[in-house]
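Asks: Numbering (my numbering), first residue to last: -17 to 162.
Every residue gets a Cβ at the ideal spot worked out from N, C-alpha and C, and that includes glycine.
Computed from a predicted model, the values in this text were never measured in an experiment.
#1: Do residue 130 and residue 110 have their beta-carbon atoms positioned less than 8 Å apart in this structure?
#2: Using only CA atoms, which one of 63, 147 and 56 lies nearest to residue 76?
#3: Going by other Cβ atoms of all chains shown within 10 Å of its Cβ, with 16 needed for buried, is residue 62 buried or exposed?
#4: What residue range is occupied by the uninterrupted beta strand (DSSP E) comprising residue 135?
#5: Is DSSP giving residue 20 helix, strand or coil here?
#6: Taking three-plus beta-carbon pairs below 8 Å as touching, is the segment 102 to 122 in contact with the segment 24 to 43?
#7: Taking DSSP's pairing of strands, which residues face residue 128 in a bridge?
#8: In whole angstroms, give me the CA-to-CA distance for residue 150 and residue 97.
#9: Of all the alpha helix (DSSP H) runs that stay within the bounds of the segment 32 to 89, which reach a length of 4 or more residues?
#10: What three-state label does DSSP hand residue 13 in the structure shown?
#11: Going straight from the alpha carbon of residue 46 to that of residue 90, what length do you get?
#12: Assuming residue 22 and residue 42 are in contact, meaning their beta carbons sit under 8 Å apart, how far apart are those beta carbons, in whole angstroms?
#13: Output needed for residue 79: all residues of its chain with C-beta closer than 6 Å, excluding positions within five of it in sequence on either side, in chain order.
#14: Kindly identify the DSSP beta-bridge partner or partners of residue 150.
#15: Could you check which residue in 117, 85, 28 and 11 has the C-alpha nearest to that of residue 138?
#16: Using the DSSP secondary-structure output, state which residues sit across from residue 106 in a beta bridge.
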C-alpha cells in the first residue's frame, strides 16, 4: 500500500499517540522548549517556612510535581500539609511555558481561588527561574507575587514574595525540596 507524504505526516503523530496509550508508563520525548528546564521534571518533597506581618510564622511539608506531555509546556502541581498532623494546607496547579529566548510564562490556580499569570526569565547556566506577577486575579488584598526557583546542590529551593494593599513586596514562603 502506498502512503503519501501528507498521509505519513498525519499517520505518524497518530501512531505515536496510540503507542503512548498502549504503553502509558513511557514518557514522550521532551519538547525542545522544555529541555532547558528538564532538571525540574519529577517529584520534589521537603519542608518550608512561611511568614508575613499579618500572620504567625509557620512550617509546612510540601510536594511539587513537574511533568510534561511532549508539548512545549510543563505541568505543575503543588500541595502542602501541616508537619505536626499531616493535615492538608494549600494546593495549586498550573503550567510553565518556557520559550527558547529564556523567557517564561506561568499560570497558576490556587486552592484559595486566587489565580496568577506570571512572566519572567530562566537561566540555563544558573538553573534558576525568576517570575513576577503580570496579573493576580480573584484576590481583593493581594497585589503582587514573585517567585524565584533555583537548583543548588541537587536541591530545589524557592522563595515567594507577596505584596498586599497594606504591605509592600516581601518574603512570604521559602522551601528546600529533594528530588524523589
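Replies: Well, looking at it:
#1: yes
#2: 56
#3: buried
#4: Unbroken run through residue 135: none, as it is neither H nor E.
#5: helix
#6: no
#7: 114 and 143
#8: 19 Å
#9: none
#10: coil
#11: 13 Å
#12: Their Cβ separation, rounded to whole angstroms, is 20 Å, which puts residue 22 and residue 42 out of contact at 8 Å.
#13: 55 and 87
#14: Looking at the DSSP assignment, residue 150 forms no beta bridge with any residue, so it has no partner.
#15: 28
#16: For residue 106, which the question treats as bridged, DSSP gives no partner whatsoever.
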